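For reference, the structure is listed below as structure tokens.
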Amino acid sequence: MEKYKLPSLPYGYKDLEPYMSEEVLTLHHDKHHAAYVNAANALLEKIQDARQNDTGLDYKSVLKSLSFNVAGHILHETFWQVMAPSSDGAGAPEKKGKLLKEIEKEFGSFERFKTEFSETAKSVEGSGWAILAHHKEHGALAIMQVEKHNVNFYPEQKILLCLDVWEHAYYLDYKNDRAKFIENWWNIVNWKEVEKRFMGE
Ligand code: MN
Numbered sequence: 004m005e006k007y008k009l010p011s012l013p014y015g016y017k018d019l020e021p022y023m024s025e026e027v028l029t030l031h032h033d034k035h036h037a038a039y040v041n042a043a044n045a046l047l048e049k050i051q052d053a054r055q056n057d058t059g060l061d062y063k064s065v066l067k068s069l070s071f072n073v074a075g076h077i078l079h080e081t082f083w084q085v086m087a088p089s090s091d092g093a094g095a096p097e098k099k100g101k102l103l104k105e106i107e108k109e110f111g112s113f114e115r116f117k118t119e120f121s122e123t124a125k126s127v128e129g130s131g132w133a134i135l136a137h138h139k140e141h142g143a144l145a146i147m148q149v150e151k152h153n154v155n156f157y158p159e160q161k162i163l164l165c166l167d168v169w170e171h172a173y174y175l176d177y178k179n180d181r182a183k184f185i186e187n188w189w190n191i192v193n194w195k196e197v198e199k200r201f202m203g204e
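As structure tokens, this is what we get:
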């Protein structure tokens, strides 16, 4: 049973350079992301086997691990989508877009949003993510600081934008300078896609 599949990247491995190197993107996608997909599928198989044989399972441990790996898969899938080569007009939000208006309403200005999001990413303790999310019914935009792939989430939030600040995302390019990685990453944010996600397409 292969429920989860490693998606291919919507651009070439070299296309996010100089902000994200071919080497980092290749390892990140082909090794790290693939590992989450494989682990999630293996855990689902374990659950399925226990069902079929009507045997017990350490659900506490299996589901904890499933949460980590499924979230890891989904966040990476989103992460690839919300980036684009800077030559494709990435980096600047749609000036007439509804999202920019909403960001300005919520954060005061786009610059203030960027600062808050960057500070969130910088201050993740250990491995994790900064995420811009939206709750449709509450009409609220929120920044989440997620540890690992699955800690500190709140429910019913649509992920609009996410930034991976695990060391595997930047160490080969930036060594220990996570702040520099974050600063450079803004150049490859695919705002067209973020806007689409906000509009529910
Ligand atoms: Mn990652």
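Quick note on our numbering: the sequence shown kicks off at 4 and runs consecutively. All C-beta atoms, glycine included, are put in the ideal place defined by N, C-alpha and C. This one's a predicted model, so the numbers in the text were calculated from it and none came from an experiment.
DSSP three-state assignment for residue i, whether helix, strand or coil
i    : result
D167 : strand
G131 : strand
Q160 : coil
V154 : strand
H137 : strand
V208 : With the chain covering 4 to 204 only, the question about residue 208 has no answer from this structure.
V192 : strand
S24  : coil
L9   : coil
L60  : coil
N187 : helix
N72  : helix
S121 : helix
K3   : The chain is shown from 4 up to 204; residue 3 falls before or after that span and cannot be answered.
K98  : coil
E204 : coil
D180 : coil
Y39  : helix
Y174 : helix
Per DSSP, the bridge partner or partners of residue i
i    : result
L144 : H137
M86  : V192
Check: residue i C-beta below 7 Å from any heavy atom of ligand 2
i    : result
P158 : The model on display carries ligand 1 but not ligand 2.
**Report entry** Any heavy atom of ligand 1 nearer than 6 Å to the CB - residues listed
**Finding:** H31, H35, H79, D167, W169, H171 and A172
Query - Segment contact flag, the segment 92-104 with the segment 68-75, C-beta cutoff 8 Å, min 3 pairs - result: no
**Report entry** Three or more C-beta pairs below 8 Å linking the segment 152-170 and the segment 118-138
**Finding:** yes
Query raised in the report: Counting Cβ pairs closer than 8 Å, one from the segment 5-17 and one from the segment 30-45, do we hit at least three?
Result: yes
**Report entry** Any 3 or more C-beta pairs closer than 8 Å across the segment 41-52 and the segment 106-126
**Finding:** no
Query raised in the report: How do the segment 193-201 and the segment 89-98 stand: do at least 3 beta-carbon pairs fall below 8 Å, yes or no?
Result: The segment 193-201, when compared against the segment 89-98, does touch it at the 8 Å Cβ threshold.
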